[in-house]
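Written below as structure tokens is the structure these notes are about.
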Amino acid sequence: MEIHNDMGYRVYVELKKENIEFGMYPLCITTIEKELVSGGSLIQGDIVQIDESVQRYDSDTDNTLALDFVNSRQAIGVFELDKDLIISKTNQREVMTGQVYKDKATLKKVVEHYDISQRFQFRVDKSNYVSYALLCMSKDCEWRFKASSINKSELFKVREFIDKHTCPLKDKVYEQRQASSSLIGGIIRPKLTNHKKKYTTKDIIDDVKSDLGVDVSYMLTWRAKEKGFDHCRPIVVVDGSHLKSYYARTFVSTSTLDGAGHILALAYGVIDSENDAAWTWFFEQFKIAYSDRENMCIVSDRNESIIKSISRVYPDVPHFTCIWNIWNNVYKKFKKSHAKLSEIYFSMAKAYTQPEFDSLVEKVEKVDIRVKEYLELAGYEKWARLYAPVNRGWTMTSNIAELINAALVSARELPIYDFLEEVRKMFGRWNCSNRKEAT
Numbered sequence: 001m002e003i004h005n006d007m008g009y010r011v012y013v014e015l016k017k018e019n020i021e022f023g024m025y026p027l028c029i030t031t032i033e034k035e036l037v038s039g040g041s042l043i044q045g046d047i048v049q050i051d052e053s054v055q056r057y058d059s060d061t062d063n064t065l066a067l068d069f070v071n072s073r074q075a076i077g078v079f080e081l082d083k084d085l086i087i088s089k090t091n092q093r094e095v096m097t098g099q100v101y102k103d104k105a106t107l108k109k110v111v112e113h114y115d116i117s118q119r120f121q122f123r124v125d126k127s128n129y130v131s132y133a134l135l136c137m138s139k140d141c142e143w144r145f146k147a148s149s150i151n152k153s154e155l156f157k158v159r160e161f162i163d164k165h166t167c168p169l170k171d172k173v174y175e176q177r178q179a180s181s182s183l184i185g186g187i188i189r190p191k192l193t194n195h196k197k198k199y200t201t202k203d204i205i206d207d208v209k210s211d212l213g214v215d216v217s218y219m220l221t222w223r224a225k226e227k228g229f230d231h232c233r234p235i236v237v238v239d240g241s242h243l244k245s246y247y248a249r250t251f252v253s254t255s256t257l258d259g260a261g262h263i264l265a266l267a268y269g270v271i272d273s274e275n276d277a278a279w280t281w282f283f284e285q286f287k288i289a290y291s292d293r294e295n296m297c298i299v300s301d302r303n304e305s306i307i308k309s310i311s312r313v314y315p316d317v318p319h320f321t322c323i324w325n326i327w328n329n330v331y332k333k334f335k336k337s338h339a340k341l342s343e344i345y346f347s348m349a350k351a352y353t354q355p356e357f358d359s360l361v362e363k364v365e366k367v368d369i370r371v372k373e374y375l376e377l378a379g380y381e382k383w384a385r386l387y388a389p390v391n392r393g394w395t396m397t398s399n400i401a402e403l404i405n406a407a408l409v410s411a412r413e414l415p416i417y418d419f420l421e422e423v424r425k426m427f428g429r430w431n432c433s434n435r436k437e438a439t
């Protein structure tokens, strides 16, 4: 995007407000010579041919004309922006020609909501990164919608909208194609943030019927509920423990914390031993069940097979090491000043700012430079919250997995079948108790 005038600046500010990521929409300032356009007028949709090297603009209209001029003989499109019509929220209820949306995704959600509220369905006639065209499902209907990018930017403008249905009444439907699980997931997402409220699939069906006037299937709403939970913090803790029965095997589990801070088991199983093939199989099954999620991270000890398997199955997911596991290694490897080093190390792991972290590193170096070198070699990004590429919150250890293992100490002496039955019962009791607390 090139900013040529006050209107362009306002658009830029609105985009920055909606995109808090620091590197999004960087600003580059260039000084150029300008002169006013003399004679004639420019209107929306005009094509201008630039013959000189001087860039021009028109500032004499109420609705500012944003010009994307370059020093060449290429034809450049001129577009008009209404100062108050930059839509960034998907709860926009009215759709009309001339509206400007911050991006195509926002536009699509608004049109889907609108279509459902009007009890008609549309089909996509054309869709790419610069255009979006829709037609009514009925072939003979005059209803049509066209939008396109403004000068190939992320902004999308509604160019044509004929909001008149001439299709037969029999084509009016009550189960909508546009009522997708993704759309419903976005609608119910705010209702999933309260861990004390039990929100069932039937509740979703009733809410969609009430809010949108649409009947949806049970499976559609179940998938929507899964997609709503995709926006919960996705921190997965992994660990394994040895069984003590005649047939020695290893119990492995993945778990996380729910909204109330209770342990929620995600998956568990029994493998022959903690080797590369077994852990790879376990993570492959986990991925089939849960896929990978945005900002997901995995916390475990420094087991080499776990690290290798995560890199194979989840190559783009950050792996963090339990800070207690690293401290135990420091404790065993270096034999002095444990009390002082312990306080400094755990403060380093939980530090939020670079100056605080650097100050603690200097303290470690003064106590024992070997410990400083060991922690640096382990990788700050593996254990220090400051260097974590995603938000791992307060989940700095694998303690929740250790608590599961501790609760199964006696059961680990049972044969595998009986052991798994005890695991099932234990998690069932926990889930039942948590549900009662929530309701």
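Note that the sequence shown covers residues 1 to 439 in the working numbering.
Built from N, CA and C at the ideal position, the CB exists for glycine as well.
Residue closest to residue i, alpha-carbon to alpha-carbon, out of the options
i: V322; options: H113, V236 and R435; result: Sequence check: residue 322 is Cys here, not Val. Nearest option by C-alpha distance: V236.
i: N434; options: A147, D301 and A260; result: A260
i: I263; options: A289, H319 and I400; result: I400
i: V299; options: I162, M396 and K152; result: M396
i: I87; options: F122, K157 and C136; result: K157
i: K425; options: A265, A133 and A378; result: A265
i: K440; options: K102, D140, Y268 and K108; result: Absent from the structure is residue 440, since the part of the chain shown begins at 1 and ends at 439.
i: F320; options: K287, N329 and D301; result: D301
i: Y314; options: K335, V110, M96 and Y290; result: Y290
i: F251; options: N431, V13, L15 and V409; result: V409
i: D292; options: D418, V124 and P234; result: P234
i: I472; options: G240, D258, Q92 and E294; result: Nothing about residue 472 can be reported from this structure: the residues present for the chain run from 1 to 439 only.
i: F122; options: V130, L134, Y129 and H113; result: L134
i: E402; options: Q118, H113 and S255; result: S255
i: K109; options: K89, K382, K126 and E294; result: K89
i: S305; options: K287, E274, I288 and E373; result: E274
i: W430; options: A105, I404 and E381; result: I404
i: C141; options: E373, H165 and L257; result: H165
First and last residue of the uninterrupted alpha helix (DSSP H) at residue i
i: Y290; result: D276 to Y290
i: K309; result: Note that residue 309 corresponds to Ser in the displayed sequence, not to Lys. E304 to V313 is the span of the alpha helix (DSSP H), which, as asked, contains S309.
i: Y380; result: Y380 to W383
DSSP three-state assignment for residue i, whether helix, strand or coil
i: K164; result: coil
i: V216; result: Low confidence applies to V216: its pLDDT is 48, below 50, so where it sits in the model is not reliable enough to give any reading.
i: F251; result: strand
i: D418; result: helix
i: D272; result: coil
i: K157; result: strand
i: L264; result: strand
i: S433; result: helix
i: S241; result: strand
i: T106; result: helix
i: F120; result: coil
i: L101; result: Correcting the residue type first, residue 101 is Tyr in the shown sequence and not Leu. Note: Y101 maps to strand in three-state DSSP.
i: V111; result: helix
i: S342; result: helix
i: S300; result: strand
i: F427; result: helix
i: L408; result: coil
i: A75; result: With a pLDDT of only 37 at A75, under the threshold of 50, the placement of this residue in the model should not be trusted, and no figure is reported.
i: V95; result: coil
i: V236; result: strand
i: E294; result: coil
i: W394; result: coil
Host beta strand (DSSP E) of residue i (start-end)
i: D358; result: Note, D358: premise wrong, no beta strand (DSSP E); alpha helix (DSSP H) at Q354 to V367.
i: F334; result: Segment: none, F334 is in no beta strand (DSSP E) and carries neither H nor E.
i: Y129; result: From DSSP, Y129 is part of no beta strand (DSSP E); its letter is neither H nor E.
i: K146; result: R144 to S149
i: T321; result: H319 to T321
Inter-residue CB distance, residue i and residue j (contact presumed, cutoff 8 Å)
i: V390; j: C297; result: 5 Å
i: S337; j: V361; result: Actually they are not in contact, since the Cβ atoms of S337 and V361 sit about 15 Å apart, beyond 8 Å.
i: R312; j: T280; result: 6 Å
i: R392; j: K350; result: With a Cβ gap of about 11 Å, R392 and K350 do not count as contacting.
i: L414; j: S245; result: 6 Å
i: S149; j: V124; result: In fact, because the Cβ distance is near 16 Å, the residues do not count as touching under 8 Å.
i: A411; j: F419; result: 5 Å
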